[in-house]
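Residue numbers (my numbering), protein chains in the order written: chain A, 2 to 116; chain B, 2 to 116; chain C, 2 to 116; chain D, 2 to 116.
Even glycine gets a Cβ: it sits at the ideal position worked out from N, Cα and C.
Here is the structure we will look at, set down as structure tokens.
4 protein chains.
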Amino acid sequence: MKNLTDLTKQIIKFRDERDWKKFHNPKDVALSLVLEAAELMEHFQWKNEGEIKKHISKSKKEIGEELADVLYWVLLMSHDLKIDLADALEKKMKKNEKKYPISKSKGKHTKYNKL
Amino acid sequence: MKNLTDLTKQIIKFRDERDWKKFHNPKDVALSLVLEAAELMEHFQWKNEGEIKKHISKSKKEIGEELADVLYWVLLMSHDLKIDLADALEKKMKKNEKKYPISKSKGKHTKYNKL
Amino acid sequence: MKNLTDLTKQIIKFRDERDWKKFHNPKDVALSLVLEAAELMEHFQWKNEGEIKKHISKSKKEIGEELADVLYWVLLMSHDLKIDLADALEKKMKKNEKKYPISKSKGKHTKYNKL
Amino acid sequence: MKNLTDLTKQIIKFRDERDWKKFHNPKDVALSLVLEAAELMEHFQWKNEGEIKKHISKSKKEIGEELADVLYWVLLMSHDLKIDLADALEKKMKKNEKKYPISKSKGKHTKYNKL
Chain A
2 MKNLTDLTKQ IIKFRDERDW KKFHNPKDVA LSLVLEAAEL MEHFQWKNEG EIKKHISKSK
62 KEIGEELADV LYWVLLMSHD LKIDLADALE KKMKKNEKKY PISKSKGKHT KYNKL
Chain B
2 MKNLTDLTKQ IIKFRDERDW KKFHNPKDVA LSLVLEAAEL MEHFQWKNEG EIKKHISKSK
62 KEIGEELADV LYWVLLMSHD LKIDLADALE KKMKKNEKKY PISKSKGKHT KYNKL
Chain C
2 MKNLTDLTKQ IIKFRDERDW KKFHNPKDVA LSLVLEAAEL MEHFQWKNEG EIKKHISKSK
62 KEIGEELADV LYWVLLMSHD LKIDLADALE KKMKKNEKKY PISKSKGKHT KYNKL
Chain D
2 MKNLTDLTKQ IIKFRDERDW KKFHNPKDVA LSLVLEAAEL MEHFQWKNEG EIKKHISKSK
62 KEIGEELADV LYWVLLMSHD LKIDLADALE KKMKKNEKKY PISKSKGKHT KYNKL
């Protein structure tokens, strides 16, 4: 299993071979991330639970591609902004553990500020 | 450096300890991904290049948290839908290499269907 | 009932009194529109049909504000780009009537290219 | 110039002739609004100021269609949730006038809570 560093190297190589860094300002990159996330969401639009289940079973490849597109931009932005993404996730998880203590949040989708 | 499998295990443990799986239908998870991507994008709103540079240098931690939030949902959805994300990225990159051959796309932000 | 021209005049007056036109480049305005639409969507996140119904009945004012925020940016962008929005809607409806003939699309949420 | 009531009547007639109300739950409608706003935003992606200007002059019709699509969902949701949209905008503008007094906010894109 490849780690985040390997995956990042691969996408940056792809990008730099095409001389695309000059387009990758943070605003447009964030915008791309939103657009790819929107394309993923579109897969589930207008469908009820049963239809979604069916759609996933026959469109797993396409959904995987959308998730890959989102990951591409997350890794690229983390690289360009010199953010250690694994470390950032680690820290965010610790923060979430405090915001959502198991005893208070178990089985509830209440936002932390209303727990 | 942690790999995607380790990071995924960690977030699924966090989720399952809180008994939140029951909320995580694909539509709402995709919706969360879009909302987190939007929060990331908000960091760059109304700012020109110089202001963005300044903002990044003083808000790196906050931006890292938003990227972590996006990654959280990407990993969670991949897990729940049984999608091998590293493999999906690998395949998508191969596809992109064909869609955007270096010779044709170097230095241009033209969409593949207009190359 | 006010028409689109009156509402547009009102928001442009608000904007120009604050000398904000200089910030309103199309990219950031479109980005604002997405962010406001995301805030609206957040109202329905993690809620099933019954919970949504309940939420609407007690948060109608807040939801109305989000819809107003979206309309604000739609009117502002139409104004700045010199687009006649009522006319654009008129034309789009005519197009949709052709793309989705009643006989073929009745009761179905199939996309026009799959009808 | 048509007012919001007339435009709303027209789109609801279009919708009801196709028997689509049954699909229009608030979550999916909000999701559609986000997707249409994202499509509008895509027009300005990867473009600098000059390229945006050029793009607008040659794609005004397409941009108008995206704005119309957003307006379609705003009007439809307001109708279905029995929200008086013109009234909601009126109230939001009054609120914004208090949040952003001219004397404090003139020429600044500072958020109200930091003024």
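Along chain A, which residues have their Cβ under 8 angstroms away from the Cβ of Trp47/D?
Phe24 and Asp29
In whole angstroms, what is the alpha-carbon distance linking Ala38/A and Ala31/B?
7 angstroms
Out of curiosity, what's the CA-to-CA distance linking Val35/D and Glu66/D?
15 angstroms
Cβ shell of Phe45/C (< 6 angstroms), same chain only, five flanking positions each side left out:
Correct list, in chain order: Ile53.
So, under 8 angstroms CB-CB, Lys112/C and Asp20/D are touching, yes? Tell me the CB distance rounded to an integer number of Å.
Contact doesn't hold; Cβ gap of about 17 angstroms is too wide.
Give me the Cα-Cα distance between Asp88/D and Leu77/B, rounded to the nearest whole angstrom.
41 angstroms
If you draw a straight line from the alpha carbon of Leu8/A to that of Ser33/B, how long is it in whole angstroms?
24 angstroms
Evaluate contact between the stretch 60 to 75 of chain D and the stretch 70 to 86 of chain C, counting only Cβ atoms and requiring at least three cross-stretch pairs below 8 angstroms.
Yes, since at least three Cβ pairs between the stretch 60 to 75 of chain D and the stretch 70 to 86 of chain C fall closer than 8 angstroms, the two stretches touch.
Please report the distance separating the alpha-carbon of Thr6/C from that of Ser79/C.
11 angstroms
Quick one: what's got a C-beta closer than 8 angstroms to Glu40/A's C-beta in the same chain, skipping five residues either side?
Glu67 and Asp70
Return the CA-CA distance between His56/C and Pro27/D, expressed in angstroms with no decimal places.
Whole-angstrom Cα-Cα distance: 11 angstroms.
Relative to chain A, which residues along the stretch 77 to 92 of chain B have a C-beta separation below 7 angstroms, given in chain order?
Met78, Ser79, Leu82, Ile84, Leu86, Ala87, Ala89 and Leu90
What do you reckon, are the CB atoms on Lys3/D and Asn4/C nearer than 8 angstroms?
yes
Verify the CB distance criterion: does Leu116/B have a CB-CB separation below 8 angstroms to chain C?
False, the Cβ-Cβ gap to chain C never drops below 8 angstroms.
Proximal residues of chain B, C-beta to C-beta of Val35/D below 8 angstroms:
Val35
What is the rounded straight-line gap between the Cα of Glu98/C and the Cα of Ser104/A?
Using only the alpha carbons, I get a separation of about 54 angstroms.
Quick one: Cα of Tyr101/A to Cα of Glu91/A, how far?
15 angstroms
What separation, rounded to the nearest whole angstrom, lies between the Cα atoms of Lys23/B and Glu50/B?
Spanning the alpha carbons of Lys23/B and Glu50/B requires a straight line of approximately 43 angstroms.
Partner residues on chain C for Met94/B, Cβ-Cβ distance less than 7 angstroms
In chain order: nothing, as chain C lies at least about 27 angstroms away.
Got a sec? Which residues, its chain only, sit under 6 angstroms from Ile13/A by beta carbon, not counting five neighbours each side?
His80
I'd like to confirm the pairing. Which residues does DSSP put opposite Asn4/B in its beta bridges?
Asn4/A
Residues near Lys1/D by beta carbon distance below 8 angstroms, same chain, minus five either side:
A question about residue 1/D goes unanswered here, because the residues of chain D that appear run from 2 up to 116.
Buried versus exposed call for Lys10/D [16 or more other C-beta atoms within 10 Å across all chains shown]
exposed
List, in chain order, every chain A residue whose beta-carbon is nearer than 7 angstroms to that of Arg19/B.
Neighbourhood of Arg19/B in chain A, by CB distance below 7 angstroms: Tyr101, Ile103, Ser106 and Lys107, in chain order.
Since I believe His110/B is in contact with Trp74/D (beta carbons under 8 angstroms), could you give me their beta-carbon distance rounded to a whole number of angstroms?
With a Cβ gap of about 29 angstroms, Trp74/D and His110/B do not count as contacting.
Per DSSP, what kind of secondary structure is Arg16/A in: helix, strand or coil?
helix
Would you kindly work out how many angstroms separate the C-alpha atoms of Lys93/C and Arg16/D, rounded to a whole number?
14 angstroms
Taking the alpha helix (DSSP H) that Tyr73/D belongs to, which residues open and close that run?
Note, Tyr73/D: alpha helix (DSSP H), Glu50 to Asp81.
So which residues of chain D does His110/B contact, with C-beta pairs closer than 8 angstroms?
Trp47
Run down chain C in chain order and give the residues with a C-beta less than 7 angstroms from the C-beta of Gly65/D.
One finds Ile84 and Ala89 in chain C with Cβ atoms closer than 7 angstroms to the Cβ of Gly65/D, taken in chain order.
Interface residues of chain D around Leu41/A at Cβ under 7 angstroms?
The premise fails here: Leu41/A is roughly 11 angstroms from chain D at the closest Cβ pair, so nothing lies under 7 angstroms.
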